[in-house]
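A.B. asks: So that we are looking at the same thing, I have put the structure below in structure tokens.
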Amino acid sequence: MSLGSRSSEPSLREAPPEAWQRLSAGSGAKSERFYDWAAARLPVVWEFDGDEPTRQRWMPARRRIAKPDEIACYLAGAPLEATVADLVRIAGCRWKVEECFQSAKNECGLDRYEVRRYVGWYRHITLAMLAHAFLAVLAGQEREKGAVSGTHPASWTSHRLRFDVCRQLDPTAVLRTATTR
């Protein structure tokens, strides 16, 4: 199967029904995210894989149950023993990464850069991601102490600037308390 636009090439929409499996891509906000999945192994390319390949290239495809004409495709590299369920599980991790970036935008101003050169952009992104990691560690420490899980930072419910939480932290005080434990 290929994604070619030429009419002589088969498309994923023409895949036989037995090629599709209903699998969960992980838990979402409301419940498990079930989709129909099909995956094709791509041929080995000697220039890239050598005589004895250790990885296999795949093309997993996902279609919504309610709208089977909408198909999303991925390119994946996986160990030789990987299964379609493994590919689906890894593809489902994409939502966690997107949630992490959205959280970094909301809480630490990841998307608030006004720079004109790469060095300035790189410094801003690095600092914002460091601040986000710092907040994640603090949240994890609070959960370990027994704080109620599921609470959100104040800026999610307040009318302050989205990245105001990062400004409220006094890093020296937090680091002092973290190192004295």
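Heads up: the sequence shown begins at 41 in our numbering, then just goes up one per residue.
By construction, the Cβ of each residue, glycine as well, lies at the ideal position given by its N, Cα and C atoms.
With three or more C-beta pairs closer than 8 Å as the rule, is the region 124-137 touching the region 56-74?
C.D. replies: yes
A.B. asks: In the structure shown, what three-state DSSP assignment does R207 receive?
C.D. replies: With a pLDDT of 44 at R207, under the threshold of 50, the predicted position of this residue should be treated as unreliable, and no value is reported.
A.B. asks: Within 10 Å of its beta-carbon, does C148 have 16 or more other beta-carbons around it, so buried, or fewer, so exposed?
C.D. replies: buried
A.B. asks: Report the rounded CA-to-CA distance for E184 versus L175, giving the unit in angstroms.
C.D. replies: 14 Å
A.B. asks: With 16 as the cutoff for other CB atoms within 10 Å, does A144 come out buried or exposed?
C.D. replies: A144 comes out buried.
A.B. asks: Throw me the rounded Cβ distance for the R97 and D76 pair, which I believe falls under 8 Å.
C.D. replies: Going by Cβ atoms, the distance from R97 to D76 rounds to 21 Å, so no, they are not a contact pair.
A.B. asks: Express the C-alpha separation of P108 and E58 in angstroms, rounding to a whole number.
C.D. replies: 14 Å
A.B. asks: Alpha carbons only, please: which of I165, S67, P93 is nearest the one belonging to P119?
C.D. replies: P93
A.B. asks: By the DSSP assignment, the alpha helix (DSSP H) with G90 in it spans what residues?
C.D. replies: Where G90 is concerned, there is no enclosing alpha helix (DSSP H), given that its DSSP letter is neither H nor E.
A.B. asks: Determine the closest residue to Y114 out of V159, L82, F141, Y158, with distance taken between C-alpha atoms.
C.D. replies: L82
A.B. asks: Run the CB neighbour count on A69, radius 10 Å, all protein chains shown included, and call it buried at 16 or more, exposed below.
C.D. replies: exposed
A.B. asks: Comparing C-alpha positions only, which one of E54, F141, A78, R95 sits nearest to W86?
C.D. replies: Closest by alpha carbon: R95.
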